[in-house]
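Note that the protein sequences, when read in sequence, are chains A and B. Read left to right, the first sequence gives residues 1 to 590 (my numbering). Read left to right, the second sequence gives residues 591 to 806 (my numbering). Scroll down for the structure; my scribbles are underneath it.
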Amino acid sequence: MPVTRRRTALHPAVTRSTLARSLDRALLSLLVAGVLFALLQFALIPYGSPEAPILLLFPVDLLIYLAAGLLAWYRRPSNRLGPLILAAGGSVFLSGIGTTLPPLVPIAAVAATLPLALVVHLLHAFPSGRIRGRVSRTTVAAAYVTALLLQAPAYLFDPTGPAPQLSVADVPWGVAAGSAVQGIAGVAIMITTAVVLAHRLLVAHRDQRRVLVPLYGYGIVTVLFLPLSTHLLAPAFGLPSAIVGGLQLFAVTLVPIAIALGMLRGGFARTGELEELGTWLGASGAERPALTAALTSTLGDPSLEVWFWMPQRETYVDVQGDPVAEPSASARRGIEVVELDGRRIGAIVYDANIVGEAELVRTAGRVLAIALDRERLTAELMASRRALQFSRERLVGAADSERRRIAQDLHDSLQMQLVLLALEAQQLAKGADPSGAMAERATELRKGIDAAAAELRQIVHAVMPAALVERGLAAAVQDLADRMPIPTFVELESRTLPPAVESTAYFVVAEALTNAVKHSEATRISVRLAHRNDVLHVGVRDDGVGGALLNRGAGLRGIADRVDVLEGSITIESPPGGGTDIHAEVPCVL
Amino acid sequence: MRVVIGEDEALLRRGLHLLLEEGGFDVVASTGDAAGLEAAVEEHRPELVVTDIRMPPTHTDEGLVAAVGIRERYPGTGVMVLSQYVQRGYAVELLSGRNGGVGYLLKQRIAAVDTFLDDLRRVAAGGTALDPDVVAVMVARARLSDSAVGSLTPRQREVLALMAEGRSNAWIASALFLTEKAVVQHTSRIYDALDLPVDSDAHRRVLAVLRYLNRT
């Protein structure tokens with residue numbers, strides 16, 4: 001089946017799959033059904049009665065829960081929060097339906113306190129949709145028991161109570177005892193919930209707190225208000241139970257609004273589905289957002305990271321190829337290892353508070369394994385390429401300092417000794433009988449030493465020219481040009497440069513000039529050094545026969561390699577008969 | 591004649607010292623770095639300074655910089671710069687400024703003791719002494735770009751080079767196995783070819799030749 005790609009404004013690169021669009025339609029149906037129910041309830045309200053304002057709250061409530069629930073469901077299809085909010089809305093609807101539709105009174109009696117249990121459930125499950133921790137699980141279970149089981153005596157043992165149809169016996173003490181136990185359990189549950197929420201707020205990250213504050217803050221107020229209003233406010237101010245019920249209902253109404261507020265403050269962006277991840281995999285390279293971005297958008301966790309496993313180094317690296325320390329999975333940070341053909345290839349590190357289900361991450365990992373392996377190889381390649389570049393730079397740097405050291409050593413030791421030896425030989429000649437053979441031989445010895453010194457001078461110059469060491473690039477290039485057997489014109493912009501750049505540029509010019517002398521038959525050469533935006537431009541141009549090639553001969557090739565190591569570039573234009581133009585650009589950021 | 595020596599290699603400094611003392615010079619100070627050299631010149635006001643180029647602390651061009659500075663500040667002091675390698679650029683730099691009283695030689699030339707001492711005396715007397723290597727570079731370069739130099743005969747170019755080194759006619763004559771009269775003939779032809787004004791002063795004549803050779 002062809003996958004249609006439609007770009008949405010919010011997530012331009014993530015496409016909606018057919019399954020997701022099917023979900024959209026299902027949610028739309030729920031919306032229509034919910035609105036119809038609410039309208040029905042509106043229609044059935046006896047507007048003349050004094051209870052009408054309170055009764056109005058029920059359908060209003062339903063609409064608010066419906067809106068919040070559908071929004072959550074749409075944004076997080078895999079999160080249970082949406083269905084849970086809708087269930088809470090449904091329970092409010094059920095608990096209120098008896099007042100307006102008398103035949104349904106038994107249902108309303110059974111579900112009378114169910115909304116409170118669902119509100120407790122919602123508070124504990126926000127924002128991941130799952131209940132985490134034993135305290136939370138116990139509290140939520142206790143809330144359902146209290147709302148459903150402990151409610152039973154109220155309608156089972158009271159023939160004059162809310163639902164006479166359900167009454168099986170008249171046991172007034174049973175009703176009283178049930179109500180008392182339910183009240184105490186309710187207070188305990190509410191206080192536990194308040195403490196749990198307060199603790200979670202306390203330990204949350206700053207960004208997370210932004211999302212949690214509206215609901216948790218309001219939740220704490222609500223869960224404390226509910227038992228207080230029943231057990232303290234009502235007796236103290238003598239409020240009728242209808243008013244207390246109305247106030248409680250109103251408080252519960254605001255819960256989904258707080259949830260919606262939390263969602264709109266971020267951290268609850270719409271996530272795609274795993275199927276969309278598959279669609280993303282099929283998309284062409286250019287359209288594809290980074291792997292991490294795709295996963296973030298699917299799982300809805302902005303803090304999500306993708307790590308790649310480097311088997312040789314037995315470590316994880318991040319997308320930049322930098323090693324990361326492997327943390328143990330904690331309550332907050334979940335880590336899911338991704339394998340391909342039984343090999344570990346990477347890991348997805350996520351926020352366990354936001355992504356509730358590890359299984360979801362695992363599945364996403366399986367879907368993405370191949371892509372992840374490919375990106376892992378890319379990261380590995382980048383890391384080794386960087387390592388290679390560093391080692392090349394070190395090699396060139398080491399070779400340069402070695403050249404400088406050798407030249408300096410020869411200058412300080414051998415060259416000086418040859419001066420002294422020649423001096424010694426000359427003193428011998430002077431001391432000897434001027435007419436004898438001794439004087440002549442001593443003079444010959446001195447001249448021999450001078451010749452050796454001249455040769456040594458050439459060697460030292462080839463290793464590292466004195467002008468380069470003493471005065472820098474421009475002086476050294478000037479000296480090269482001075483010694484050229486072909487008229488050579490220079491245009492030299494002098495500037496302090498890093499040693500590696502100086503020697504590289506010098507050897508470029510030296511090699512280019514050597515080639516020109518050997519092969520070009522040129523009658524004129526020009527050399528130019530210029531600086532533009534921290535880049536040194538080296539140009540050597542002749543009017544010779546052309547036909548020079550970068551790949552011919554070791555000389556130019558070696559020079560090109562050196563330039564390449566410094567992340568510069570070198571080009572040769574040498575058409576047959578059209579002269580040769582060698583141009584190198586070397587970055588020289590100090 | 592009072593001399594100050596600047597040379598960082600102790601053995602060579604000592605060798606120079608002995609050599610100069612034997613040659614009749616009075617070595618008033620010898621130092622191993624440029625700062626010490628300038629201080630000694632300030633203190634002793636010598637007739638001659640003999641200095642190396644590479645010296646502490648950076649072992650680059652401090653000796654050359656000191657030499658140029660001394661030439662500017664002490665007109666009566668001749669400056670002889672010694673180096674393991676000679677280049678035209680440094681020679682031009684040394685020759686600029688005041689006229690004469692400057693030398694630039696390879697260190698290896700020290701061994702030809704008599705010639706070296708002769709060069710030192712000439713520099714101290716306001717003349718010039720340039721190394722044959724650096725003069726060869728100058729002449730070869732001028733020959734490429736200047737048709738007048740190119741038109742000289744090989745023998746004339748030989749004489750031109752020796753003139754540029756700062757040699758006297760008598761010295762040139764003995765070196766080339768010519769009569770002094772023949773040398774004079776050669777020099778006047780060279781002057782005609784290069785269109786240089788006739789000057790009776792030997793030092794000024796040399797400087798005119800050097801200026802001509804380094805015109806561009």
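Every residue gets a Cβ at the ideal spot worked out from N, C-alpha and C, and that includes glycine.
Around the C-beta of B/Tyr-675, are 16 or more other C-beta atoms found within 10 angstroms, so that it is buried, or is it exposed? buried
Cβ distance (whole Å) where A/Ala-88 is taken to contact A/Leu-122 below 8 angstroms: 6 angstroms
Looking only at DSSP bridge pairs, what is A/Gly-346 linked to? A/Phe-308 and A/Val-338
Using alpha carbons as the reference points, say which of B/Val-658, B/Val-692, B/Arg-795 and B/Leu-606 lies closest to B/Thr-718. B/Val-692
So which residues of chain B does A/Ala-475 contact, with C-beta pairs closer than 7 angstroms? Counting only Cβ-Cβ distances below 7 angstroms, A/Ala-475 has contacts in chain B at Gly-679, in chain order.
Label B/Gln-775 either buried or exposed according to how many other C-beta atoms from any shown protein chain fall within 10 Å of its C-beta, with 16 as the threshold for buried. exposed
From the DSSP output, which residues share a beta bridge with B/Glu-633? DSSP output for B/Glu-633 lists no bridge partner at all.
Compare the C-beta of A/Ser-284 with all C-beta atoms of chain B and state if any pair is closer than 9 angstroms. Because A/Ser-284 sits at a pLDDT of 44, beneath the cut-off of 50, its placement in the model cannot be relied upon, and the following sentence gives the value as read from the coordinates. No, A/Ser-284 does not count as interfacial toward chain B.
So B/Glu-599 contacts chain E; which residues on that side make the cut at Cβ distance below 8 angstroms? Of the protein chains in this structure, namely A and B, none is chain E.
Suppose the cutoff is 8 angstroms on Cβ atoms and the five residues either side in sequence are ignored; what does the same chain contact list for A/Val-120 look like? Thr-139, Val-140, Ala-143, Ile-189, Met-190, Thr-193 and Val-223
Give the single residue among A/Ala-467, A/His-199 and A/Ala-387 whose Cα lies nearest to the Cα of A/Val-135. A/His-199
Residues that A/Arg-471 contacts on chain B, provided the C-beta gap is smaller than 8 angstroms: Contact note: A/Arg-471 reaches chain B through Thr-650, Asp-651 and Gly-679, using a C-beta cutoff of 8 angstroms and chain order.
So, is A/Gln-389 buried or exposed, given that buried needs 16 or more other C-beta atoms within 10 angstroms? exposed
If you check the beta carbons only, do A/Leu-536 and A/Glu-585 fall under 9 angstroms apart? Contact: yes.
Express the C-alpha separation of A/Glu-573 and B/His-634 in angstroms, rounding to a whole number. 60 angstroms
Could one say the Cβ of B/Ile-780 lies closer than 9 angstroms to chain A's Cβ atoms, at least one of them? no
Counting only Cβ pairs nearer than 7 angstroms, list the residues of chain A close to B/Arg-731. Asp-482
Does the CB of B/Leu-742 have a neighbour CB from chain A at under 9 angstroms? no
So that I know if they touch, is there some Cβ in chain B lying closer than 9 angstroms to that of A/Leu-420? yes
Going by DSSP in three states, A/Phe-489 sits in which element: helix, strand or coil? In the structure shown, the three-state DSSP call for A/Phe-489 is strand.
Per-residue DSSP class, three states only, for B/Ala-619: Strand at B/Ala-619.
On the CB-based measure, 16 or more other CB atoms within 10 Å of its CB, does B/Lys-697 come out buried or exposed? buried
Cα-Cα, which of B/Ser-686, B/Arg-699, B/Phe-706 and B/Asp-704 is closest to B/Leu-800? B/Ser-686
Would you kindly check if the distance between the Cβ of A/Leu-291 and the Cβ of A/Ile-54 is under 9 angstroms? no
Pick from B/Ala-629, B/Leu-742 and B/Ile-700: whose alpha carbon is nearest that of B/Gly-605? B/Ile-700
Compare the beta carbon distance of B/Glu-637 and B/Ala-714 with 9 angstroms and say whether it is the shorter of the two. Closer than 9 angstroms, so yes.
Are the CB atoms of A/Pro-159 and A/Asp-170 nearer to each other than 9 angstroms? Cβ atoms of A/Pro-159 and A/Asp-170: closer than 9 angstroms.
State yes or no: is the C-beta of B/Leu-784 within less than 9 angstroms of the C-beta of B/Ala-738? yes
Is it true that the CB of A/Arg-403 sits closer than 9 angstroms to the CB of A/Val-463? yes
Alpha helix (DSSP H) segment containing A/Pro-172, residue limits: Here the alpha helix (DSSP H) through A/Pro-172 covers 172-203.
Across the stretch 555-564 of chain A and the stretch 502-513 of chain A, are there enough close Cβ pairs to call them in contact, namely three or more that are closer than 8 angstroms? yes
Determine the DSSP secondary structure at A/Arg-404, reduced to helix, strand or coil. helix
A/Ile-459 at chain B interface by Cβ criterion, 9 angstroms: no
With 16 as the cutoff for other CB atoms within 10 Å, does A/Ser-91 come out buried or exposed? buried
Does DSSP classify B/Val-596 as helix, strand or coil? Note that residue 596 of chain B is Gly in the sequence shown here, rather than Val. Reduced to three states, the DSSP call for B/Gly-596 is strand.
Limits of the beta strand (DSSP E) - the one that A/Tyr-316 falls within: 315-317
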